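In this note's numbering, the protein residues as written are 147 to 249.
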């Protein structure tokens, strides 16, 4: 069963502050236009946003959005994004398993 990317992105826009909602909308626009390179560049910056550094927001971003098109992302850029995401996984073994899937 695939992820429901449009529903996830809509939910994130709805529940985010104005500034963050604009970022989610920009990600959605790039995704819908299949502009993978531009989307990758935007995501590389987006995952570093301090507003997403709490809880498991980045893990959910990966599971509900990035996983849908990760095969279209430059492998080095994907690795950089995944390293940032993995920092939100509290359990060291789970984080290691998450990273190993990328190899």
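Glycine included, each C-beta is placed from N, C-alpha and C at the ideal position. Please read all numbers here as calculations on a predicted model, not as lab measurements.
Legend entry - Close beta carbons around residue 193, own chain, < 8 Å, minus the five adjacent residues each side: Here residue 193 corresponds to residue number 47 of the chain shown, with the count starting at 1. 204, 207, 227, 230 and 231, listed in sequence order.
Inset, instruction - Counting only the same chain and skipping the five closest in sequence on each side, list residues whose C-beta sits under 6 Å from that of residue 214. - result: Counting from one through the chain shown, the residue named residue 214 turns up at place 68. Contacts found: 149 and 151.
Inset, instruction - At 4 residues or longer, and completely inside the segment 217 to 248: list those alpha helix (DSSP H) runs for me, N to C. - result: Entirely contained in the segment 217 to 248, the alpha helix (DSSP H) runs reaching 4 residues are, in chain order, 221 to 232 and 238 to 247.
Inset, instruction - Assuming residue 172 and residue 188 form a contact by the criterion Cβ under 8 Å, report the distance between their Cβ atoms to the nearest whole angstrom. - result: Here residue 172 corresponds to residue number 26 of the chain shown, with the count starting at 1. Here residue 188 corresponds to residue number 42 of the chain shown, with the count starting at 1. Between residue 188 and residue 172 the Cβ distance is about 6 Å, and since that is below 8 Å, they are a contact.
Legend entry - For residue 186 and residue 236, the rounded distance between their alpha carbons: Residue 236 sits at position 90 when you count from the first residue of the chain shown. Residue 186 sits at position 40 when you count from the first residue of the chain shown. For residue 236 and residue 186, the distance between alpha carbons rounds to 25 Å.
Inset, instruction - Give me the Cα-Cα distance between residue 243 and residue 211, rounded to the nearest whole angstrom. - result: Indexing the chain shown from 1 puts residue 243 at position 97. Indexing the chain shown from 1 puts residue 211 at position 65. The C-alpha of residue 243 lies about 19 Å from the C-alpha of residue 211.
Legend entry - Three-state secondary structure (DSSP) of residue 178: Position 32 of the chain shown, counted from the first residue, corresponds to residue 178. Reduced to three states, the DSSP call for residue 178 is helix.
Legend entry - Beta-carbon spacing of residue 223, residue 190 below 7 Å: To locate residue 223, count along the chain shown from 1; it is residue 77. To locate residue 190, count along the chain shown from 1; it is residue 44. Contact: yes.
Legend entry - Beta carbon proximity, residue 186 to chain D, threshold 7 Å: The structure shown contains no chain D, having only a single protein chain.
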